[in-house]
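Input: a single structure, listed below in structure tokens.
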Amino acid sequence: MNKNQFKEELSQFIYLNRRKICGALIGLIIGILILTVGFFKTLLLCLTTLIGYYFGLRWRFEEDLKDFIIRIIPDRFK
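Going by the numbering used here, the sequence shown runs without a break in its numbering and finishes at 78.
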């Protein structure tokens with residue numbers, strides 16, 4: 001097996017199993033975080049990441065930042 005054939009087969013394997021590989025990498029990162037910083041800090045990090053991801057999905061780039069902040073602040077704080 002030559003070098004180019006190996007690269008082609010490896011890229012095809014990664015493409016066919018990309019969800020499994022991505023899930024394994026996420027599990028590895030979370031496991032390392034739990035071992036190094038602790039369970040609750042890792043849980044907080046995952047929670048804030050998910051909140052950031054949610055706001056990233058909801059963000060419209062045409063929308064002004066001030067309008068966005070005013071919309072998410074409750075009326076009692078305005």
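Just so it is clear, CB atoms sit at the ideal spot from N, CA and C, and this is done for glycine as well.
{"Item": "Does the separation of the CB atoms of Ile-30 and Thr-42 fall below 8 Å?", "Value": "yes"}
{"Item": "Quick check: what's the CA-CA separation for Arg-71 versus Leu-45?", "Value": "25 Å"}
{"Item": "How big is the Cα-Cα spacing for Phe-73 and Asp-67?", "Value": "For the sequence presented, residue 73 should be read as Ile rather than Phe. When rounded, the distance between both Cα atoms is 10 Å."}
{"Item": "Taking the alpha helix (DSSP H) that Phe-77 falls in, what are its first and last residues?", "Value": "Taken as a continuous stretch (DSSP letters only), Phe-77 belongs to no alpha helix (DSSP H), as it is neither H nor E."}
{"Item": "Suppose you measure from the CA of Met-141 to the CA of Leu-35; what does that come to, to the nearest Å?", "Value": "The chain is shown from 1 up to 78; residue 141 falls before or after that span and cannot be answered."}
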